[in-house]
Amino acid sequence: MAYWLLKTEPDEYSIDDLAKVDSFCWDEIRNYQARNLIRDQIKTGDFAFIYHSSCKQVGIAGIVEIISDGEIEQAQFNPEHAKFDPKATQEKPKWYSFQLKFKQKFNRIIPLSWIKQQPELEDMVLCKQGRLSVQPVTQPQWQFIIARAK
DNA sequence: GCCAACGTTGGC
DNA sequence: GCCAACGTTGGC
């Protein structure tokens, strides 16, 4: 089982929105590093942090469970869709998505500023590479953050 | 809203 | 395949 961190702008879609639905398709990712992780590595039964970016309280807001492997994303084929990709074909899709479901909202956001201060978390992708919207989390990092959330 | 850091595009 | 120009992300 693997752990992940998923960024979202809460003004667009937040942990509270996730809590309202049975499941949700995490799509519209248009970054090759993230795409490769989704296509090749994300599996049913993995868990992920939901991270709120570009907002007042930047940080980790809660936990979701991954409930599908990576699957071909549909928006890329839809000319009406903002994320339509004219270079993608059914035979050669470019982008991938996956399904997830809400597990838990933390009582308080775990702030990025706190994460950056922890020596145990200094190797987190979040600290090293700001811009990756789907990123792996190691088990020690996951456990360390979970402990703080309690 | 600014702007640094990073990713993508496209001419050569 | 290099790299300059451009676009986007995302913290502050």
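Here the first sequence is numbered in my numbering, starting from 292 and rising by one per residue.
Even for Gly, the Cβ is constructed at its ideal location relative to N, Cα and C.
Taking 8 Å as the cut-off, the beta carbon of Phe393 is found no closer than this to the beta carbon of Leu328.
Here Ile306 carries a helix assignment [DSSP, helix/strand/coil]. Spatial neighbours of Cys418 in its own chain (CB-CB distance under 6 Å, excluding positions within 5 residues in sequence) are listed in chain order as Lys407. Excluding residues up to 5 positions away in sequence, Ile320, Arg326, Ile329, Arg330, Gly361, Glu362, Ile363 and Glu364 lie with their Cβ nearer than 8 Å to the Cβ of Tyr387 in the same chain. Using a Cβ distance threshold of 8 Å, Ser314 and Leu391 count as a contacting pair. Where Cys316 is concerned, the enclosing beta strand (DSSP E) starts and stops at Phe315 to Trp317.
Counting only runs of 4+ residues, the alpha helix (DSSP H) found wholly inside the region 305-377 occupies 306-310 and 323-331, in chain order. With fewer than 16 other Cβ atoms from the protein chains shown falling within 10 Å of its own Cβ, Lys347 counts as exposed. Segment contact: the region 294-306 against the region 412-430, three or more CB-CB distances shorter than 8 Å; contact assigned. Of the candidates Met292, Arg439, Trp433 and Asp307, Met292 places its Cα closest to the Cα of Ile358.
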